[in-house]
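K.L.:
Handing you this structure, nothing more for now.
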Amino acid sequence: MKVVYEGALFPGVGGGPRHFTGLSDSLVRAGIDVVHVLPCSSGVHGEELVDSLVELRWFGGRLARQLSYEVSRVLLLLRWWVTRRRVDVWMSRHSFFGVGLILARLVARQVVLEINGPIREEVEVNLASRPLAVVADALMRIQVRAADCVVTVTPGLASYVEKRVPTSRCVVLPNGANPGHATRIPDQRDLSLIFVGALTPWYEMDVVLQALRELRDDGLALSLTVVGDGVRKAELVRQATALRVADLVTFAGWVESDHVQDAIERSQVGLLPLRPKHRDVAAVGSPLKLYEYLAAGLQVVGTDLDGIENAPAAEAVHTYTQGRSHSCAVAIRAALAAAGSPPLEAAVWSWDARATDLIAILME
Numbered sequence: 000m001k002v003v004y005e006g007a008l009f010p011g012v013g014g015g016p017r018h019f020t021g022l023s024d025s026l027v028r029a030g031i032d033v034v035h036v037l038p039c040s041s042g043v044h045g046e047e048l049v050d051s052l053v054e055l056r057w058f059g060g061r062l063a064r065q066l067s068y069e070v071s072r073v074l075l076l077l078r079w080w081v082t083r084r085r086v087d088v089w090m091s092r093h094s095f096f097g098v099g100l101i102l103a104r105l106v107a108r109q110v111v112l113e114i115n116g117p118i119r120e121e122v123e124v125n126l127a128s129r130p131l132a133v134v135a136d137a138l139m140r141i142q143v144r145a146a147d148c149v150v151t152v153t154p155g156l157a158s159y160v161e162k163r164v165p166t167s168r169c170v171v172l173p174n175g176a177n178p179g180h181a182t183r184i185p186d187q188r189d190l191s192l193i194f195v196g197a198l199t200p201w202y203e204m205d206v207v208l209q210a211l212r213e214l215r216d217d218g219l220a221l222s223l224t225v226v227g228d229g230v231r232k233a234e235l236v237r238q239a240t241a242l243r244v245a246d247l248v249t250f251a252g253w254v255e256s257d258h259v260q261d262a263i264e265r266s267q268v269g270l271l272p273l274r275p276k277h278r279d280v281a282a283v284g285s286p287l288k289l290y291e292y293l294a295a296g297l298q299v300v301g302t303d304l305d306g307i308e309n310a311p312a313a314e315a316v317h318t319y320t321q322g323r324s325h326s327c328a329v330a331i332r333a334a335l336a337a338a339g340s341p342p343l344e345a346a347v348w349s350w351d352a353r354a355t356d357l358i359a360i361l362m363e
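Under numbering that gives the first Met the number 0, the first residue of the sequence shown is numbered 0, with each subsequent residue one higher.
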């Protein structure tokens with residue numbers, strides 16, 4: 000099977016490159032012939048990309064780069080069509096314009112669209128424009144209708160798409176992770192918590208700090224390592240001092256990836272205190288960090304949101320009611336109690352398992 004995996008992954012697009020690399024590398028390991036189509040200077044670096052990479056030109060920022068990349072994608076498809084180059088599957092991550100996805104039918108027997116977030120709401124937040132968000136929503140519906148299959152990362156996103164295009168065929172394929180390097184079993188680790196991520200309003204670390212205070216009042220003093228930085232750091236440092244838990248919290252900032260892995264493997268519980276980014280939209284996406292925690296053998300505490308509470312690793316994910324510090328404290332206690340449990344099988348969290356599921360979907 001020959002598959003094109005394409006994504007408009009420009010520099011600085013968050014977890015997109017890790018998702019792309021994890022899934023594409025696993026497809027190649029499974030014996031699939033994958034051609035990767037990406038923007039020049041995308042920042043995506045995978046084991047198997049070098050000999051199978053087609054780079055498309057782009058320029059500018061925001062909409063300009065989307066438009067220039069789309070022109071390059073259309074020209075590539077037309078060139079392949081004229082030269083009779085054909086593939087079995089063309090799989091594209093959602094992009095703003097989406098003309099290339101429609102034209103992919105010229106060269107592919109099957110067209111797959113990948114959606115990893117609520118499109119209209121993300122455009123409204125990221126571009127601060129409601130009219131553009133309406134346009135993005137309309138273009139997304141056109142792309143969904145053009146695809147044979149839509150792959151979403153959570154059940155909530157599948158419902159989001161199906162509500163807009165009831166005739167769509169949606170399948171759920173969560174994020175994954177590559178195997179960790181943990182050498183100690185969980186009950187030999189430090190009695191500690193870890194959060195890895197940006198300190199933005201999308202994470203309710205203020206609730207976590209309040210939960211730490213409650214746990215200390217109950218006689219349980221837990222250390223917390225915060226790996227990351229962001230606009231809320233100064234506020235959270237002040238809050239930790241005011242709650243008298245500053246001695247328990249280490250704000251490490253951004254560190255090298257090897258050091259992040261080391262910090263994760265010294266901990267017992269990984270934190271995912273997500274807040275919804277968009278009003279009235281329950282779908283928040285599939286956090287990569289959830290599966291990276293699981294790959295390292297951690298128990299996970301996270302909010303009761305789509306992508307966390309319905310993740311395929313329910314036995315190791317302890318959810319709490321968003322915004323409730325007491326509920327968070329209870330979930331942390333439950334996670335610590337389960338920290339000596341055997342690690343989950345890789346089939347629950349690995350990219351190789353996700354690739355196997357995707358191949359089965361493409362073969363249907």
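All C-beta atoms, glycine included, are put in the ideal place defined by N, C-alpha and C.
(1) Classify residue 139 as helix, strand or coil using the three-state DSSP reduction.
(2) Can you check which of these residues, 318, 113, 126 and 128, is closest to residue 140 by C-alpha distance?
(3) Taking 9 Å as the cut-off, decide whether the C-beta atoms of residue 34 and residue 70 are in contact.
(4) Between residue 116 and residue 284, which are expected to be in contact by the criterion C-beta below 8 Å, what is the C-beta distance as a whole number of angstroms?
(5) In chain order, what residues of the same chain have a beta carbon less than 8 Å from the beta carbon of residue 213, not counting five sequence neighbours either side?
(6) Looking only at DSSP bridge pairs, what is residue 32 linked to?
(7) Could you round the C-beta distance between residue 160 and residue 169 to whole angstroms and report it? I think they count as a contact, below 8 Å.
(8) Among all the DSSP beta bridges, which residues are the ones paired with residue 194?
(9) Does the distance from the C-beta atom of residue 199 to that of residue 230 stay below 9 Å?
(10) Rounded to whole angstroms, what is the Cα-Cα separation between residue 232 and residue 209?
(11) Mind checking which residues open and close the alpha helix (DSSP H) that includes residue 240?
(12) State the Cα-Cα distance for the pair residue 25 and residue 62, rounded to the nearest angstrom.
(13) Only counting the same chain, and skipping five residues up and downstream in sequence, which positions put a Cβ closer than 8 Å to that of residue 55?
(14) Report the three-state DSSP secondary structure of residue 40 (helix, strand or coil).
(15) At the level of alpha carbons, what is the spacing between residue 30 and residue 88?
(16) Please state whether the Cβ-Cβ distance between residue 21 and residue 174 is less than 9 Å.
(17) With respect to the beta strand (DSSP E) encompassing residue 65, which residues constitute its N-terminal and C-terminal limits?
(18) Based on the DSSP output, what are the partners of residue 202 in its beta bridges?
(19) Between residue 182 and the rest of its own chain, which residues show a CB-CB distance below 7 Å, the 5 nearest in sequence each way excluded?
(20) In the DSSP assignment, find the beta strand (DSSP E) that holds residue 356 and state where it starts and stops.
(21) Count the other CB atoms, across all protein chains shown, that sit within 10 Å of the CB of residue 10; report buried if there are 16 or more and exposed otherwise.
(22) Determine whether the beta carbon atoms of residue 332 and residue 219 lie at a separation below 9 Å.
(23) Would you give the residue range spanned by the beta strand (DSSP E) that residue 112 belongs to?
(24) Mind checking residue 305: buried by the 16 CB within 10 Å criterion, or exposed?
(25) Is it true that the CB of residue 95 sits closer than 9 Å to the CB of residue 138?
(26) Specify, as a first and last residue, the run of the beta strand (DSSP E) that residue 150 falls within.
(27) Please name the residue in 337, 81, 52 and 292 whose C-alpha comes closest to that of residue 314.
(28) Would DSSP call residue 21 helix, strand or coil?
(29) I'd like the span of the alpha helix (DSSP H) that includes residue 163, first residue to last.
(30) For residue 5, count neighbouring C-beta atoms within 10 Å of its own C-beta (all shown protein chains included) and say buried if the count is 16 or more, exposed if not.
(31) Have a look at 145, 118 and 144 and flag the residue whose alpha-carbon is nearest the alpha-carbon of residue 134.
P.N.:
With the given structure in hand:
(1) In the structure shown, residue 139 sits in a helix (DSSP, three-state: H, G or I).
(2) 113
(3) No.
(4) 5 Å
(5) For residue 213, same chain residues with a beta-carbon under 8 Å away, outside a window of 5 residues either side, are 324, 325 and 328 in chain order.
(6) 1
(7) Between residue 169 and residue 160 the Cβ distance is about 5 Å, and since that is below 8 Å, they are a contact.
(8) 225
(9) Yes, the pair counts as a contact, with Cβ atoms nearer than the cut-off.
(10) 15 Å
(11) 232-241 is the span of the alpha helix (DSSP H), which, as asked, contains residue 240.
(12) 32 Å
(13) 36, 37, 38, 39, 68, 71, 72 and 75
(14) In the structure shown, residue 40 adopts coil according to DSSP, grouped into three states.
(15) 15 Å
(16) yes
(17) From DSSP, residue 65 is part of no beta strand (DSSP E) but of the alpha helix (DSSP H) over 62-81.
(18) 273
(19) Unreliable positioning characterises residue 182 in this predicted model, as indicated by a pLDDT of 49, which lies under 50. A coordinate reading is not provided.
(20) Residue 356 -> not in any beta strand (DSSP E); alpha helix (DSSP H) instead, spanning 350-362.
(21) Counting other Cβ atoms within 10 Å of its Cβ, residue 10 stays below 16 and is therefore classed as exposed.
(22) yes
(23) Where residue 112 is concerned, the enclosing beta strand (DSSP E) stretches over 107-114.
(24) buried
(25) yes
(26) Unbroken beta strand (DSSP E) run through residue 150: 148-151.
(27) 337
(28) helix
(29) 154-163
(30) buried
(31) 118
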